[in-house]
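Residue numbers (the working numbering): 1295 to 1530. Beta carbons are placed, not taken as given, at the ideal position from N, Cα and C, and that holds for glycine. Given the structure is predicted, the values throughout are model-derived calculations rather than measurements. What follows is a single structure, written as structure tokens, with notes after it.
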């Protein structure tokens, strides 16, 4: 009985191709973003020589596309997802650190020195486990700083926040539940300058006065944080 799919790696003209043969009618070729990996899907009936010939006909397009992707990565237009391994660059409150991974440590923890972010894990770990340790580190530091920023701005703005939370958000830096007087803040803010974090805290607190992004809202932003546009731009 034929398998549903067969995966392997082939090399054509010095380029590695992730090949998947499956029950499909035609041969397809694509380049994934942001890593530039070349992936081919082919019917079972295709021989490797046929797939190689097909790829060779597309080789100029592949090289051109991979070059464009590399250029966009270099310009910061697209970002590779982190693997949490030694040598990667990671940010903590706006400062850049080089990650140093230490396996088989006594504890799961993160230590930050002048330029190094040291990730210690108890045993050989996978990406998901390493990311959780880093996320917990970020969350713990946000939980120390956010209450201070809220208290500071409660006094200045004469408004009360009952509760706050931290979570990952794909499209927003923060949200405000006006009825519950609760604000939610994006975990990614731990990577940004503290001024960016304070900007989002104030932004969500202003929603307790005005729900909508109208003239009144922005007038209040100007009042409580005159340079807010600078920090908004840094987030964008």
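Which whole-angstrom value is the C-beta distance of residue i and residue j, which I expect to be below 8 Å?
i            : j            : result
residue 1443 : residue 1413 : Actually they do not touch by this definition, with Cβ atoms about 27 Å apart.
residue 1406 : residue 1440 : Not really, about 19 Å apart at Cβ, beyond 8 Å.
residue 1503 : residue 1519 : In fact, because the Cβ distance is near 14 Å, the residues do not count as touching under 8 Å.
residue 1460 : residue 1491 : With a Cβ gap of about 11 Å, residue 1460 and residue 1491 do not count as contacting.
residue 1525 : residue 1489 : 5 Å
residue 1500 : residue 1514 : 5 Å
residue 1475 : residue 1445 : With a Cβ gap of about 14 Å, residue 1475 and residue 1445 do not count as contacting.
What residue from the options has the CA that sits closest to residue i's CA?
i            : options                : result
residue 1307 : 1389, 1348, 1321       : 1348
residue 1375 : 1421, 1361, 1342       : 1421
residue 1408 : 1385, 1427, 1416       : 1385
residue 1362 : 1426, 1416, 1329       : 1329
residue 1465 : 1456, 1481, 1342       : 1481
residue 1417 : 1411, 1435, 1396, 1336 : 1396
residue 1450 : 1506, 1517, 1523, 1314 : 1517
residue 1318 : 1301, 1510, 1338, 1302 : 1338
Taking residue i as part of the alpha helix (DSSP H), name the residues at either end of that continuous run.
i            : result
residue 1421 : 1421-1451
residue 1318 : No alpha helix (DSSP H) contains residue 1318, which DSSP labels as neither H nor E.
residue 1513 : 1509-1518
residue 1413 : Premise fails: residue 1413 lies in the beta strand (DSSP E), 1410-1414, not in any alpha helix (DSSP H).
residue 1523 : 1522-1529
Can you tell me where the beta strand (DSSP E) holding residue i begins and where it ends?
i            : result
residue 1469 : 1468-1471
residue 1343 : It is not in any beta strand (DSSP E) - residue 1343 instead sits in the alpha helix (DSSP H) that spans 1342-1351.
residue 1324 : 1322-1325
residue 1307 : It is not in any beta strand (DSSP E) - residue 1307 carries neither H nor E in the DSSP assignment.
residue 1333 : 1332-1337
Check whether the Cβ atoms of residue i and residue j sit closer than 8 Å, and answer yes or no.
i            : j            : result
residue 1378 : residue 1437 : no
residue 1383 : residue 1390 : yes
residue 1333 : residue 1324 : yes
residue 1388 : residue 1462 : no
residue 1322 : residue 1312 : no
residue 1309 : residue 1356 : yes
residue 1314 : residue 1326 : no
Report task. Note down, one range per segment and in chain order, each alpha helix (DSSP H) of at least 4 residues found wholly within the segment 1459-1501. Result -> DSSP runs (the alpha helix (DSSP H)) wholly in the segment 1459-1501: 1488-1500.
Requested in this report: List in chain order: all unbroken alpha helix (DSSP H) runs of 4+ residues lying wholly within the segment 1353-1391.
Outcome: Those alpha helix (DSSP H) runs which fall completely within the segment 1353-1391 and span 4+ residues are 1353-1368.
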